[in-house]
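The next block holds one structure in the form of structure tokens; read it before the comments.
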Amino acid sequence: MKYIIAMVQPHKLPDVKQALFDAEIRKMTVTNVLGCGQQSGYEETYRGVPAEINLIKKVKIEIGVNDEYVDKAVEAIIKGAKTGNIGDGKIFVLDLPQCTRIRTGETGDIAIG
Ligand SMILES: Nc1ncnc2c1ncn2[C@@H]1O[C@H](COP(=O)(O)OP(=O)(O)OP(=O)(O)O)[C@@H](O)[C@H]1O
Ligand SMILES: [Mg+2]
């Protein structure tokens, strides 16, 4: 199992969600966050407006997936989030040792899917 953490531009969230749904990935956690990438202190656009601030509003998407869904999830996030400009976001893939569904006590592949 893997845990995918992606930071994307807030206005691309609907496209990312749609691409994930199309890839049959429907479980996710979404949080509003502040972040900065390698242009720290430089100009970046936020909703098409140039912004010269260090921390820019991003959306964090977290998804726990079975191994066979990792590539599909990453591709879907890219498809939904990419504009080709700086600040499009970043995707981290972490090993996920355990997952438990609280209601049933199921663990692992069954619980995550
Ligand atoms: N190394 C990192 N560690 C933690 N968070 C990061 C890291 N790099 C990027 N992020 C997060 O991802 C968001 C988007 O990053 P961003 O797309 O600007 O990455 P970048 O490396 O600067 O690439 P680009 O040159 O395309 O802008 C940041 O605002 C921050 O929240
Ligand atoms: Mg950047």
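Under this note's numbering, the first residue of the sequence shown carries the number 40, and numbering increases by one thereafter. Glycine is no exception: its CB is placed at the ideal position from the N, C-alpha and C atoms.
On a Cα-Cα basis, can you pick out the residue from the options that is closest to residue i?
i: Thr68; options: Asp134, Val104, Ile95 and Lys118; result: Val104
Examine ligand 1 and report whether any of its heavy atoms sits within less than 7 angstroms of the Cβ of residue i.
i: Lys118; result: no
i: Lys111; result: no
i: Val72; result: yes
Is residue i near ligand 2, going by C-beta to nearest heavy atom under 7 angstroms?
i: Ile125; result: yes
i: Gly76; result: yes
Would you tell me roughly how many angstroms separate the C-alpha atoms of residue i and residue j, rounded to the nearest one?
i: Val113; j: Asp61; result: 13 angstroms
i: Val88; j: Cys138; result: 41 angstroms
i: Cys76; j: Gly126; result: Before going on, a small fix: residue 76 reads as Gly here, not Cys. Cα to Cα, Gly76 sits roughly 7 angstroms from Gly126.
i: Ala120; j: Asp134; result: 23 angstroms
i: Lys96; j: Glu107; result: 31 angstroms
i: Leu94; j: Pro53; result: 22 angstroms
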